[in-house]
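Have a look at the structure below, then the notes.
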Amino acid sequence: MAIQWFPGHMHSTRKAIGERIKDIDVVIELLDARLPGSSANPLLAELTGHRPTLKVLNKQDVADAGRTPAWLDWYNARPDTRAIGLDASDTAPARRLIEACRQLAPQRGGMAKPMRVLICGIPNVGKSTLINTLTGKTQAKTGDEAGITKLEQRIVLDDDFYLWDTPGMLWPRITVPESGYKLAASGAVGRNAYDEEEVALELLAYLQRHYAPLLDARYRLGLDAAAIAALHDDELLALIARKRGAVMSGGRVNLQKAAELVMTDFRSAILGRITLETPPEFEAWSAAAQVQ
Ligand code: G4P
C-alpha cells in the first residue's frame, strides 16, 4: 500500500468538532460524488456522537450520472441519514440543504431553537466553493492543495439556521486500500504522500474495466473496449505516454509524465464523467479489508 498520508490538521479539527458537537443538531458531510464511499470519514459517527447526518454528494456534475442515484439510495437507506447531490453549477443550493437538514431535526427551528449545523469533509471536496455559493461571498479558502486549514466560522444561512465550518480532514489510518488510491486520484491527499505512477496505474486499472470508451476517446488509442481491458495497466500507461508525446530522448516513454496527465485529466473531468466505485464494490472492499 503506497499511500501513507499524514492527516495534518486532524487533531485540531477533531478537537474543534468535539468542542462544538454538543450544540449541533445536524452534521453535513460533503462527499466527492466520484468516490462517494471512499470520501466518507469512517470515524465521523464516532466523532459527531451519531448526530443525524446529511450526506451531500458534491461535484455530481463530473460524476457518472448513471451511478449517483444508487449512491443516494445507499445512504438514504440508513437511519438518521439523508443524501442529496449538488454541484458548483447549482446557483441556489441553500434551500435544498436547509430543507434536508430540517427533515433530519424537525424539533429545531424558529429564533428560540435555531438549527445548528456542522459541515465537514475531506480536503478538496469543494467545501469552500459550496460555502462561497451559499453566502454569495468569498470568505473561505478555495484551492486544490490538500490540507490547507481555515478557522472554524459560523455562517448564517437563514434567520434560524446556523452553519459551522471545519477544516478539511482525513483520518489517521487507511483501512480500505482501494479507498486510499481513489482519494489520492481525486486530489484529497497531499502530493508527497503517494507515488503518482502507482496511483495512475490503479486508476487506469479501474478505468480499463469500466470506462474504456472514455480512455479511447481521450487518448485516441484506436482500440475497442475489450482490447483496452486486455492490456496490462503499465502497457496502457506506456501507450498513453506515446499517444500524448510523453517521450524522452532516445524514444523512451516518460511514464511519470503520462501518470500526471492521466491524473490531471481525471481530476479536471477532461476524461469524462466518472465514478470510481459502486456501493457493492465499496462494500466488498470494506469487507475484505476487515478480515485482514
Ligand atoms: P475544499 O474547500 O473542500 O478544500 O475545496 P474547494 O472548494 O477549494 O474546491 C476544490 C476544487 O474543486 C476547486 O477546483 C473547485 O473549483 C472544485 N469544485 C468544487 N465544487 C465543485 C463541483 O461541484 N463541481 C466541480 N466540477 N468542481 C468543483 P480547483 O481546480 O482547485 O480551482 P478552480 O478550478 O475553481 O480555480
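Quick note: the sequence shown uses our numbering, first residue 288, plus one each step.
Beta carbons are placed, not taken as given, at the ideal position from N, Cα and C, and that holds for glycine.
Remark: the shortest separation between the CB of D351 and any heavy atom of ligand 1 does not fall under 7 angstroms. Beta-bridge analysis with DSSP links W451 to L405, R441. The segment 322–334 and the segment 386–397 do not touch, with fewer than three beta-carbon pairs separated by less than 8 angstroms.
Between L563 and Y493, the gap from beta carbon to beta carbon is short of 8 angstroms. Between L417 and P380, the CB-CB gap stays under 8 angstroms. Inclusion of D312 and V404 in the CB contact set at 8 angstroms is warranted, their separation being smaller than that value.
When the five nearest sequence neighbours on each side are left out, the beta carbons in the same chain lying within less than 7 angstroms of the beta carbon of R560 are those of V349, A350, D351, A352, in order along the chain. Distances from the alpha-carbon of N411 to those of P459, N345, N541, H519 put N345 closest. In this structure, the CA atom of G397 is about 27 angstroms from the CA atom of G408. Between the alpha carbons of G477 and V486 lies a distance of about 13 angstroms. For A533, same chain residues with a beta-carbon under 7 angstroms away, outside a window of 5 residues either side, are V540, N541, K544, A545, L548 in chain order.
Between the C-alpha atoms of T340 and Y362 there is a straight-line separation of about 10 angstroms. At the C-beta level, L491 and L524 come within 8 angstroms of one another. With 16 or more neighbouring CB atoms inside 10 Å of its own CB, I461 falls in the buried class. The distance from the Cβ of D452 to that of I406 is about 6 angstroms, consistent with a contact at the 8 angstroms cut-off.
T565 sits away from A364, with the two beta carbons spaced by 8 angstroms or more. By the neighbour-count criterion, in which a residue is buried when 16 or more other Cβ atoms sit within 10 angstroms of its Cβ, S555 is exposed. Between L508 and L502 the beta-carbon gap is near 6 angstroms, inside 8 angstroms, which marks them as a contact.
Its chain contains W572 as the residues whose beta carbon lies nearer than 6 angstroms to that of E465, once the 5 sequence neighbours on both sides are disregarded; these appear in chain order. A straight line joining the alpha-carbon of T368 with that of E522 spans about 43 angstroms. When the five nearest sequence neighbours on each side are left out, the beta carbons in the same chain lying within less than 6 angstroms of the beta carbon of K469 are those of L322, S325, L563, in order along the chain.
A distance below 8 angstroms separates the beta carbons of E483 and M550. T355 is not a Cβ neighbour of A387, given a cutoff of 8 angstroms.
Going by DSSP, E306 is part of no beta strand (DSSP E) but of the alpha helix (DSSP H) stretching over 297–307.
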